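Undergrad:
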Amino acid sequence: MAVAAQTDAPVRVAQEPAPVEVTEPAPGVFASAWARTWSDRSACGSPGVRPGRRCGWGDAGVTVPWNLYRASGDRQVLEQSFPAMRAWPDYLEKHSTGYLRPAEGYGDWLNVSDETPKDVVATACFARSADLVARAARALGEDPRPYETLSARVREAFAEAYVSADGRIKGDTQTAYVPALSFGLLPEDGGVRRAAADRLVELIEGRDRHLSAGFLGTPLLLPVLTAVGRTDVAHRLLHRRTFPSWGYQIDRGATTMGERWDSIRPDGGFQDPSMNSFNHYAYGSVGEWMYRDITGISPGAPGFSHIVVRPRPGGEVRAAAGRYDSVYGPIGTR
1 MAVAAQTDAP
11 VRVAQEPAPV
21 EVTEPAPGVF
31 ASAWARTWSD
41 RSACGSPGVR
51 PGRRCGWGDA
61 GVTVPWNLYR
71 ASGDRQVLEQ
81 SFPAMRAWPD
91 YLEKHSTGYL
101 RPAEGYGDWL
111 NVSDETPKDV
121 VATACFARSA
131 DLVARAARAL
141 GEDPRPYETL
151 SARVREAFAE
161 AYVSADGRIK
171 GDTQTAYVPA
181 LSFGLLPEDG
191 GVRRAAADRL
201 VELIEGRDRH
211 LSAGFLGTPL
221 LLPVLTAVGR
231 TDVAHRLLHR
241 RTFPSWGYQI
251 DRGATTMGER
261 WDSIRPDGGF
271 QDPSMNSFNH
281 YAYGSVGEWM
291 YRDITGISPG
301 APGFSHIVVR
311 PRPGGEVRAA
321 AGRYDSVYGP
331 IGTR
């Protein structure tokens, strides 16, 4: 079957791409064409997100081209996308107050009764997009300094507004901590980062070792736990079989990723069909962590021209094997 355009949620009127679910694309003709279409259609925000206030969704116009470049090493995707990439943090800066984003948009969509303040996640995404535009500029031989400065100012504003001296972050939810740790938004001095990482683990333990994150927090959760030295906690989350977890979905007979953690209810029934898609990939982002941290395959340079192999087995995983078909050829570990 040939697919010319990515679609989303045929169960309702949401048939444009869901950009938050395309932030880790595989390189190829389709993904590159998607990035070009996105760039061509962006104006005062991004397609489907006007007036550009939905963090995570709108930021895909930056993260998708950057991740395509990282995966493929193809500078052309950056060259074609850079004007639209640059326009996004420019737009966010104009519509922010003191480099802080307003509490608007979807936020950490479909979290498990653990709502993160929308301004916290939106400002974190703002900092990340500015940082990625600076990196893209450097890769293209452009001047990265305006966006390096912008990213630094957003980070400073985030820390001042939302982070306390003991490492607590406004909202005190799993998703409040995950982007801050992933995007480098916390001060390195005074033990703030370590305290925030410890608090994230406490919040997971406080939910009987379950996650509570939604669309924005989940893709970052396991990679962050590994980055802060708690791969053991990441493996425990991976192998949970009770709600909410990946294992819960599998045990209910799921063969695709549902929109909700409990798209299939414990009794075998389904959630309200008006918002219960079975082709939402956000939680499938766990696959990236499995490749990178279980099989140990990650790029040391764009396009995997250099390779980093560092498997981190743990929990119930005693052995693993994986293969990634890079533009330079297959990469395998076992």
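Per full-length UniProt numbering, residue 1 is the first one in the sequence shown, and the count goes up by one each step.
Where a beta carbon is used, it is the ideal one built from N, C-alpha and C, also for glycine.
Source: prediction; values computed, not measured.
#1: I need the straight-line Cα distance from glycine 253 to serine 182, nearest angstrom please.
#2: Just the C-alpha distance for leucine 220 and aspartate 267, rounded to the nearest angstrom, thanks.
#3: Could you give the residue range of the alpha helix (DSSP H) that holds threonine 333?
#4: Give the DSSP bridge partners of aspartate 143, in chain order.
#5: Can you say whether cysteine 44 is buried or exposed, counting buried as having 16 or more other CB atoms within 10 angstroms of its CB?
#6: Pick from Leu186, Gly171, Cys125, Gly247: whose alpha carbon is nearest that of glycine 61?
#7: Using 10 angstroms around the beta-carbon of threonine 175, count the other beta-carbons present and answer buried if the total reaches 16, otherwise exposed.
#8: For serine 326, I'd like the list of residues in its chain whose CB is within less than 6 Å of its CB, leaving aside the five on either flank, ordered along the chain.
#9: Taking 7 Å as the limit between beta carbons, can you name the residues of its chain near leucine 186, skipping five residues before and five after?
#10: Is the CB-CB distance between alanine 213 and asparagine 111 below 7 Å?
#11: Are there 16 or more other CB atoms within 10 angstroms of the CB of threonine 295, so buried, or fewer, so exposed?
#12: Would you decide whether arginine 101 is buried or exposed? Buried here means 16 or more other CB atoms lie within 10 Å of its CB.
#13: Quick one: grab the DSSP three-state call for glycine 322.
#14: Whole-angstrom Cβ separation of proline 302 and tyrosine 69, contact assumed at under 8 Å?
#15: Per DSSP, which residues does serine 298 bridge with? Please list them.
#16: Compute the beta-carbon to beta-carbon distance between leucine 222 and alanine 234, rounded to the nearest angstrom, for a pair I have assumed lies under 8 Å.
#17: Alpha carbon to alpha carbon, how far is glycine 107 from aspartate 208?
#18: Mapping DSSP to helix, strand and coil, what is threonine 218?
#19: Going by the beta-carbon positions, is the gap between alanine 127 and arginine 86 smaller than 7 Å?
#20: Skipping 5 residues on each side, what residues in its chain have a beta carbon closer than 6 Å to that of proline 144?
#21: Going along the chain, which residues of its own chain have a beta-carbon closer than 8 Å to the beta-carbon of glycine 300, five neighbours each way excluded?
#22: Since leucine 100 sits in a beta bridge, which residues does DSSP pair it with?
#23: Would you say lysine 118 and alanine 103 are within 7 Å of each other, going by their C-beta atoms?
#24: Check each candidate in Cys55, Leu78, Arg54 and name the one with the smallest Cα separation from valine 64.
#25: What is the rounded straight-line gap between the Cα of glycine 322 and the Cα of arginine 334?
#26: Return the residue from the list Glu188, Gly284, Ser72 that minimises the CA-CA distance to residue 336.
#27: Whose C-beta lies closer than 6 Å to the C-beta of arginine 54 among residues of the same chain, with five residues either side of it excluded?
#28: So, helix, strand or coil for tryptophan 109, using DSSP?
#29: Opposite valine 163 in the DSSP bridges: which residues?
#30: Grab me the residues of tyrosine 328's own chain with a C-beta within less than 8 Å of its C-beta, minus the 5 sequence neighbours each way, in chain order.
#31: For tyrosine 243, which three-state DSSP category applies?
#32: Look at arginine 318 and aspartate 293 and say whether their C-beta atoms are less than 7 Å apart.
#33: My output table needs one value for phenylalanine 270: the three-state DSSP class, helix, strand or coil.
#34: For tyrosine 177 versus leucine 200, is the C-beta spacing smaller than 7 Å?
#35: Are arginine 260 and glutamine 249 close, meaning C-beta to C-beta below 7 Å?
TA: Based on what the coordinates show:
#1: If I take the Cα positions, the gap works out to 32 Å.
#2: For leucine 220 and aspartate 267, the gap between their C-alpha atoms comes out near 30 Å.
#3: Threonine 333 -> not in any alpha helix (DSSP H); beta strand (DSSP E) instead, spanning 329-333.
#4: Beta-bridge pairing links aspartate 143 to no other residue.
#5: Note that cysteine 44 scores 47 on pLDDT, short of 50, meaning its location in the model is unreliable; the coordinates nonetheless yield the value given after this. The residue in question, cysteine 44, is exposed, as its Cβ has fewer than 16 Cβ neighbours within 10 Å.
#6: The shortest Cα separation from glycine 61 among Leu186, Gly171, Cys125, Gly247 belongs to Cys125.
#7: Buried, since its Cβ has 16 or more Cβ neighbours within 10 Å.
#8: So the list reads Phe304, once near-sequence residues are dropped.
#9: Answer for leucine 186: Ala159, Val163, Ala180, Val192, Arg193, Ala196, listed in chain order.
#10: Contact flag set, yes.
#11: Buried: at least 16 other Cβ atoms inside 10 Å.
#12: Classification for arginine 101: buried.
#13: Strand.
#14: About 6 Å; that satisfies the 8 Å criterion.
#15: For serine 298, DSSP records a beta bridge to Val308.
#16: That belief holds up - the Cβ atoms of leucine 222 and alanine 234 are roughly 4 Å apart, short of 8 Å.
#17: Those two C-alpha atoms are separated by around 24 Å.
#18: Note: threonine 218 maps to helix in three-state DSSP.
#19: No.
#20: By the criterion of a C-beta distance shorter than 6 Å, proline 144 is surrounded in its chain by Ala134, Ala137, Arg138, once the five residues flanking it on both sides are discounted.
#21: For glycine 300, where only same-chain residues beyond five positions count, the Cβ hits under 8 Å are His306, Ile307, Val308.
#22: Note: leucine 100 sits in a beta bridge opposite Thr97.
#23: In this structure, lysine 118 sits near alanine 103, with a CB-CB distance shorter than 7 Å.
#24: Distance check between valine 64 and each of Cys55, Leu78, Arg54 places Leu78 closest, using alpha-carbon atoms only.
#25: Answer to the nearest angstrom: the Cα atoms are 6 Å apart.
#26: Residue coverage of the chain in this structure runs from 1 to 334, which leaves residue 336 outside it and unanswerable.
#27: Exclusion of the five residues before and after arginine 54 leaves Gly105, Tyr106 as the residues of its chain whose Cβ lies within less than 6 Å of its Cβ.
#28: Tryptophan 109: coil per DSSP, three-state reduction.
#29: Under the DSSP definition of a beta bridge, valine 163 partners with Ile169.
#30: Result list for tyrosine 328: Gly303, Phe304, Ser305, in chain order.
#31: Reading off the sequence, residue 243 comes out as phenylalanine, not tyrosine. In the three-state reduction of the DSSP assignment, phenylalanine 243 falls in the coil class, being assigned neither a helical nor a strand state.
#32: In terms of Cβ geometry, arginine 318 and aspartate 293 do not form a close pair [threshold 7 Å].
#33: In the structure shown, phenylalanine 270 adopts extended strand secondary structure according to DSSP, grouped into three states.
#34: Contact: yes.
#35: In this structure, glutamine 249 does not lie closer than 7 Å to arginine 260 by Cβ.
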